[in-house]
Each structure stands twice: as structure tokens, then as C-alpha cells.
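Peer 1: This is the structure I want to talk about, given as C-alpha cells.
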Amino acid sequence: MSERGEETGKHAPVVTPSGEGGPASEALATTPGADAPTWPPEFAERYRAAGHWRGETFGRMLRERAAAHPDRIALVDPAPERRTWTYRELDERADRLAAGFAARGIGRGDRVVLQLPNVGEFVEVVFALFRIGALPVYALPAHRDTEIGYFCSFTEAVAYVIPDRHAGFDHRALAARVRERTPTLRHVFVAGDPGVHTALADVPVDADPPEGGPEPHEPAFLQLSGGTTGVPKLIPRTHDDYIYSLRGSNEICGVGADTRFLVVLPAAHNFPMSSPGWLGTLYAGGTVVLCPRPDPETAFPLIERERITMTGLVPPLALVWTEAGPAARQDLSSLELVLVGGAKYGEEAARRLTPALGCRLMQVFGMAEGLVNYTRLDDDEETVVTTQGRPISPDDEIRIVDDAGNAVAEGEFGHLLTRGPYTIRGYWRAPAHNATAFTEDGFYRTGDIVRRTPTGHLVVEGRAKDQINRGGEKVAPTEIENIILAHPSVHDVSVVAVADEYLGERSLAYVILRAGAEPLKPAAIKRFVRERGVAAYKVPDLVEFVGAFPHTGVGKVSKNRLRSTAVTHEQ
Ligand code: OOB
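So the sequence shown is numbered by this note's numbering: it starts at 1 and just counts up by one.
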């Protein structure tokens with residue numbers, strides 16, 4: 001398999017917007033969805049006729065659930081003191097917050113960068129924005145100046161929502177820096193002590209929310225891509241398509257009103273949001289419990305106290321939970337199903353989960369761009385531990401092709417391409433990238449190498465995209481290479497994945513110093529990346545100084561050869 005990453009332009013600017021699409025014209029800014037490629041009409045008609053797209057929106061969904069079962073508990077935020085929201089309370093809170101946001105000039109189609117950890121305010125704000133038709137841009141709590149600055153400027157965000165401090169970091173100071181250099185950013189709302197900004201608690205007003213929310217075919221939010229390029233691409237997901245994926249996920253996982261779902265991973269990530277996640281659980285009228293930290297010491301007592309029935313984990317966490325399960329003092333017997341995905345889950349580890357935690361396992365192979373595969377509750381154990389599942393929808397189209405784009409023989413491995421009722425047709429404001437990330441007939445090139453079993457289950461064999469999957473957290477080597485290249489002593493750099501027993505993969509930066517430059521220690525390169533203000537998981541785990549890179553036949557750096565020569569000693 002060729003490495004597409006070797007052909008993509010490295011050394012593009014890191015923080016400056018790509019310029020694709022250019023600054024929004026008035027027409028773009030006032031027409032929600034105009035920046036987001038969508039399905040051709042004949043596909044939209046087909047998906048509606050099949051009953052996949054039912055014209056629902058998230059704003060109306062919560063309203064309907066609140067009318068149907070007002071007093072049921074929708075949401076629990078257990079820390080520091082336990083707070084709960086009934087469906088009626090969540091609905092009313094979303095209305096009042098929506099009215100407050102609208103009174104501050106936030107309107108339909110506006111972008112709002114949302115960077116909250118797993119706290120109740122996350123869900124309140126999302127539903128308030130859904131009700132207005134403003135688009136949350138889902139940043140992760142780990143993101144720092146570089147990423148946040150980019151999201152705010154590229155999306156021309158009007159507001160940014162943050163915690164005061166989280167995991168020892170003051171988000172208010174970051175917000176002040178970003179605000180200074182982002183002219184569109186009119187508001188910073190803080191969950192907690194606002195400092196110089198506005199407290200989220202001061203936003204709600206006693207008024208009706210704005211009339212005329214978004215249409216079901218319009219984008220509901222912008223999700224982040226794992227990415228292979230210098231900057232993350234933004235994924236526009238519509239109400240219609242995302243709600244279909246929730247309905248399908250709920251059916252497959254058996255989610256209903258009795259489900260009590262624990263959100264262990266960051267709530268902004270697509271996996272805990274919709275597979276079946278907190279949105280799927282709310283769709284079904286169940287109860288969502290937010291977990292502030294993913295370790296067993298935090299999660300196990302919550303499972304016992306809140307009688308949790310379902311959760312989703314990335315493979316490294318599943319390993320930790322599997323180790324801790326047998327010795328746990330808590331009663332974990334309420335747990336029925338654990339979903340594991342985001343990165344390849346080893347077969348042996350998968351076999352150990354059920355005995356250790358006393359619940360069933362389901363593997364998930366999904367992507368924020370759309371397609372999600374699950375093993376099924378009626379699959380036999382071999383299928384559950386050796387495959388990554390099969391698609392949600394009968395209308396998910398799967399192509400497995402060779403380097404030339406021709407279908408491989410059944411059972412052989414190749415590049416996975418997909419098209420369907422909840423897979424995007426293009427990234428937001430990225431026409432140049434879309435031209436290569438999608439085929440002419442609208443298939444998304446996932447960059448994953450898979451094979452299909454006779455039962456239609458997919459097995460992920462590897463990856464053709466230039467990306468590091470660090471235990472489910474995706475790192476685009478190009479993004480880190482560009483940062484390291486800014487170091488005055490660095491002549492060239494290549495960042496690759498190396499195998500890691502616990503994370504699956506971690507990152508290694510091969511660095512060539514400039515002629516005559518003073519020798520550097522690996523720590524100096526790591527510090528340089530950290531000080532540039534990026535998420536900590538993107539700082540290279542290992543740094544190796546070399547005299548030259550191996551090259552491919554056509555003179556490009558060969559990442560395959562770098563990987564195979566990688567040394568993996570501790571640093
Ligand atoms: C999930 O979404 P993303 O967008 O962070 O990452 C997608 C990529 C996939 O293209 C694949 O390379 C990798 O993550 N991946 C897996 C996997 N699940 C995802 N690779 C091997 N085995 C798996 N089970 O990661 C995501 C979104 C929704 C549900 C679950 C995961």
C-alpha cells in the first residue's frame with residue numbers, strides 16, 4: 001500500500017487558516033449550510049424515502065422527550081457535588097440559555113467554539129445552541145492556543161465557551177490571548193469563575209428562545225477530524241444524518257429508557273457522543289452520567305452508585321479497567337455492555353474484558369466523518385473479539401480497493417472507501433482538500449486498510465493515511481513537523497508512529513539538525529513543541545537525532561522505512 005501521507009504537502013503553515021473558501025461573504029455567513037457540501041438530491045430523497053432521515057432536529061427532540069417524560073432524570077453530573085437535570089429541567093435550561101445567547105446577538109449559523117470537560121454545562125450549552133441553530137465547534141479539553149486560535153479564526157467564531165480551570169490549566173488566560181487576535185470573537189463564556197469574561201451562569205434570560213430553529217438538513221455542529229494535514233478539518237454533521245446514526249446505534253446496542261450511560265471519554269468526541277453515547281441515550285429517554293476522569297478509581301464507584309449499564313472506552317483504558325476489574329471492591333454488576341473503539345483493540349485483550357468486568361463487549365470502528373461499524377449483540381465470541389464490526393445501515397456503501405482504485409477480491413485487504421446516509425460528502429470550507437479526500441462519486445477515503453469477512457464484518461488491518469493513533473487520540477504528523485521545523489536549530493524533521501504496548505502507537509520525531517548547530521537533547525524539542533501551545537498528547541513521545549532520512553525511489557522521505565528502523569527505548 002502506498003502512503004498517501006508521503007504525497008501530501010508537508011511544511012504548510014500551521015496556524016494560519018488554509019484560505020480555502022476565503023473569508024465568508026455576507027451570503028455565506030447568513031446562509032447556514034452554504035459552506036458545507038451536502039448529499040446530491042437523489043441521495044437525500046432515497047434516504048428520506050427509506051425512513052432514515054425523518055426531519056427531526058435536536059432542539060425539537062429534547063422538547064418532545066421533555067413533554068413525554070418530564071420528570072425522568074436526563075443528566076447527572078456527580079462532581080464536585082451531585083447535580084441532576086430532569087428532561088423538563090434540561091429543556092427549560094436550554095430555552096433560557098438560548099434566549100440569553102440570542103439576546104447577546106448569537107444567531108442561526110453562527111459558530112461557537114465549545115471547550116468544556118465532562119460537566120453538565122456542556123450538555124446545556126449544546127442544546128441551547130441547537131435550539132438557536134448556532135453551530136458548536138467541538139474542541140477537546142486538551143487543546144491549547146494553537147488549536148483554539150485556529151478553530152476561532154477559521155470558523156470566524158462569535159463565542160468561545162470554557163471552564164475556568166481544568167486539569168491545572170487556566171482557560172481564561174488562553175481565552176484572553178485568543179480573543180485579542182480574533183476580531184470576530186465577541187464573547188467568552190465561563191463555566192465557573194469568569195475572571196475578565198462572562199459567567200455562563202449570567203447568560204440565561206427569562207424569555208422565549210428565538211423562533212424558527214434550524215432545518216433538519218442543515219449542519220447541527222462542526223466535529224473535528226483526526227486529520228492528516230497541517231490543521232484539523234471540520235466536519236459538518238446535519239440533524240438528519242446524525243440523528244439517524246443515533247437511532248441506528250441505539251437499536252444495535254439495545255439503548256432504551258432504562259439505559260444509564262457513563263460518559264468516560266471527553267464528551268466532545270464523536271465516539272462517546274453518538275456510539276450510542278450521551279446523545280443516543282438522551283434520544284432514547286435514558287440517563288446520562290458524566291464521569292470527570294476515566295480512571296477506575298473514579299469510574300468504578302460511579303458505576304456502583306449510579307447503577308451504570310453501558311459505557312464506551314478506548315483500548316488503553318479498556319486494558320486498565322480489565323486489570324482493575326477483578327480486584328475492584330465496588331459492585332459492577334449493573335454494567336451490561338462496554339463498547340471499545342477508536343483504535344485497534346487486540347484480540348487477547350478483547351477476550352479478557354468480559355471475565356474481568358462481568359459484562360458484554362462490543363467493538364466499534366467509527367469515524368467522526370460518519371461510518372460506524374459495530375459487532376452485534378448476537379455475534380458469537382470469535383466475531384466480537386476478532387472483528388471491528390459491520391456498518392450501522394443497509395445503505396452504508398463499502399468499497400475495498402487497491403492502490404489503483406480497483407475492487408480487491410472478496411476477503412482481501414485494501415483501502416476502505418465509504419458513502420452513505422450519515423457519512424459527509426465534504427469537509428467544511430475545504431474545497432481543495434475535498435477534491436482528494438472524496439472520490440468523484442462521493443465516497444469518503446477513510447485512509448484505513450481493511451478486509452471483509454464472509455459475514456460482512458470489517459477487520460482493520462492498518463492504515464494508509466499519515467496519522468498516529470495514540471490510543472484513540474489522533475495526531476497528524478504534518479502538524480507536529482511544522483512546529484518542530486520552526487526551531488532555529490532544526491534542518492528537517494519526520495514524525496512517525498512506533499508500536500507501543502499500552503497505547504498501541506506513540507509518536508517519534510526524527511530530527512536532522514542544521515550544520516554547525518549545537519547538539520540538542522530530546523527534551524529540548526519536546527519543550528519547544530509544548531511551549532508552542534498544542535495539546536499535550538501531540539508532543540512527540542520520543543525524539544531521535546539522525547544525519548539523514550531514508551528516501552523512497554522518487555526521493556521522498558520514506559515513512560515506512562523510518563518506522564521499521566525506529567528505536568523505541570525510553571526517554
Ligand atoms: C473515532 O473517530 P475519529 O474520527 O477520532 O477517528 C477515526 C479513525 C478511523 O478512521 C480509524 O483509523 C481509527 O480512528 N479507528 C479504529 C477503530 N475505531 C476508529 N481503528 C481500529 N479499530 C477501531 N475499532 O475514533 C470513532 C468515532 C465513532 C465511534 C468510534 C470511534
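We put the CB at the ideal spot given by N, CA and C, even for glycine.
On a predicted model such as this, the values are computed, not experimentally measured, just so you know.
Would you mind sorting Leu282 into buried or exposed? The rule is 16 or more other CB atoms within 10 Å of its CB.
Peer 2: Numbered from 1 along the sequence shown, position 282 holds the residue referred to as residue 282. Counting Cβ neighbours within 10 Å, Leu282 comes out buried, since at least 16 surround it.
Peer 1: Are the CB atoms of Cys359 and Leu339 within a distance shorter than 8 Å?
Peer 2: As a first step, residue 339 is located in the sequence shown; it is residue number 339 there, counting from the start. As a first step, residue 359 is located in the sequence shown; it is residue number 359 there, counting from the start. No, the Cβ-Cβ distance between Leu339 and Cys359 is not below 8 Å.
Peer 1: Counting along the chain, where does the beta strand (DSSP E) carrying Trp85 start and finish?
Peer 2: Here residue 85 is taken as the residue at index 85 of the sequence shown, counted from 1. Its beta strand (DSSP E) spans residues Arg83 to Thr86.
Peer 1: I want to check one thing, is the minimum distance from the CB of Asn270 to the heavy atoms of the ligand OOB below 7 Å?
Peer 2: Here the question's residue 270 lines up with position 270 in the sequence shown. Flag set: Cβ of Asn270 near the ligand OOB.
Peer 1: If you reduce the DSSP assignment to three classes, tell me which class Pro163 lands in.
Peer 2: For the purposes of this step, residue 163 is taken as the residue at position 163 of the sequence shown. Correct three-state label for Pro163: strand.
Peer 1: Less than 6 Å between C-beta atoms, sequence neighbours within five positions excluded: which residues of the same chain meet that for Ala66?
Peer 2: Numbered from its first residue, the sequence shown carries residue 66 at position 66. These residues qualify, in order along the chain: Tyr87, Arg88 and Asp91.
Peer 1: Pick helix, strand or coil for Asn118, following the three-state DSSP scheme.
Peer 2: If you number the sequence shown from 1, residue 118 lands on position 118. In this structure, Asn118 counts as coil in the three-state DSSP scheme.
Peer 1: Quick check on the burial criterion: 16 or more other C-beta atoms within 10 angstroms. Buried or exposed for His487?
Peer 2: One-based indexing of the sequence shown puts residue 487 at position 487. Classification of His487: buried, given that the 10 Å Cβ count is 16 or more.
Peer 1: Just the Cα atoms here: how many angstroms apart are Leu140 and Ala268?
Peer 2: Against the sequence shown, residue 140 aligns to sequence position 140. Against the sequence shown, residue 268 aligns to sequence position 268. In a straight line, the C-alpha of Leu140 is about 6 Å away from that of Ala268.
Peer 1: Using the DSSP secondary-structure output, state which residues sit across from Ile512 in a beta bridge.
Peer 2: Numbered from its first residue, the sequence shown carries residue 512 at position 512. Bridge partners of Ile512: Asp492.
Peer 1: Give the C-beta separation of Glu276 and Phe221 to the nearest angstrom, bearing in mind that I take them to be a contact with Cβ-Cβ under 8 Å.
Peer 2: Working through the sequence shown from its first residue, we reach residue 276 at position 276. Working through the sequence shown from its first residue, we reach residue 221 at position 221. Checking the sequence shown, residue 276 turns out to be Pro, not Glu. Contact doesn't hold; Cβ gap of about 17 Å is too wide.
Peer 1: Would you decide whether Lys344 is buried or exposed? Buried here means 16 or more other CB atoms lie within 10 Å of its CB.
Peer 2: Residue numbering aside, residue 344 sits at position 344 when the sequence shown is read from its first letter. Counting Cβ neighbours within 10 Å, Lys344 comes out buried, since at least 16 surround it.
Peer 1: Name the DSSP bridge partner or partners of Tyr444?
Peer 2: The residue you call residue 444 lines up with position 444 of the sequence shown. Paired residue(s): Thr418 and Phe438.
Peer 1: With a threshold of 16 other CB atoms inside 10 Å of the CB of Asn406, please say whether the residue is buried or exposed.
Peer 2: Taking the first residue of the sequence shown as position 1, residue 406 is located at position 406. Exposed: under 16 other Cβ atoms inside 10 Å.
Peer 1: Kindly indicate the opening and closing residues of the alpha helix (DSSP H) around Gly59.
Peer 2: The residue labelled residue 59 in the question sits at position 59 within the sequence shown. That run of the alpha helix (DSSP H) goes Phe58 to Ala68.
Peer 1: So does Thr229 have its beta carbon nearer than 7 Å to some heavy atom of the ligand OOB?
Peer 2: As a working note, residue 229 is residue 229 in the sequence shown. Not under cutoff, so the answer is no.
Peer 1: Which residues share a DSSP beta bridge with Phe221?
Peer 2: Reading the sequence shown from its first residue, position 221 is the one you call residue 221. DSSP output for Phe221 lists Arg237 as bridge partner(s).
Peer 1: For Lys538, name the three-state secondary structure that DSSP assigns.
Peer 2: Against the sequence shown, residue 538 aligns to sequence position 538. Residue state, collapsed to three classes: helix.
Peer 1: Using a 10 Å radius around the Cβ and a threshold of 16 neighbouring Cβ atoms, would you call Leu377 buried or exposed?
Peer 2: Stepping through the sequence shown from its first residue, residue 377 is reached at position 377. Exposed: under 16 other Cβ atoms inside 10 Å.
Peer 1: Hey, Val490 and Tyr537 are a contact pair by Cβ (cut 8 Å); roughly how many whole angstroms apart?
Peer 2: Indexing the sequence shown from 1 puts residue 490 at position 490. Indexing the sequence shown from 1 puts residue 537 at position 537. Not really, about 21 Å apart at Cβ, beyond 8 Å.
Peer 1: Short of 6 Å in beta carbon distance, which residues of its chain neighbour Ala29, apart from the five on each side in sequence? Order them along the chain.
Peer 2: Numbered from 1 along the sequence shown, position 29 holds the residue referred to as residue 29. Because Ala29 sits at a pLDDT of 40, beneath the cut-off of 50, its placement in the model cannot be relied upon, and the point is left open.
Peer 1: Check Ala199 in the structure and name its three-state DSSP category.
Peer 2: The residue given as residue 199 occupies position 199 in the sequence shown. Three-state result, Ala199: strand.
Peer 1: Given the structure, does Arg463 come close to the ligand OOB, in the sense that its CB is under 7 Å from one of the ligand's heavy atoms?
Peer 2: Indexing the sequence shown from 1 puts residue 463 at position 463. Within the cutoff, so yes.
Peer 1: DSSP puts Ser507 in a beta bridge; with which residues?
Peer 2: Stepping through the sequence shown from its first residue, residue 507 is reached at position 507. Bridge partners of Ser507: Ala497.
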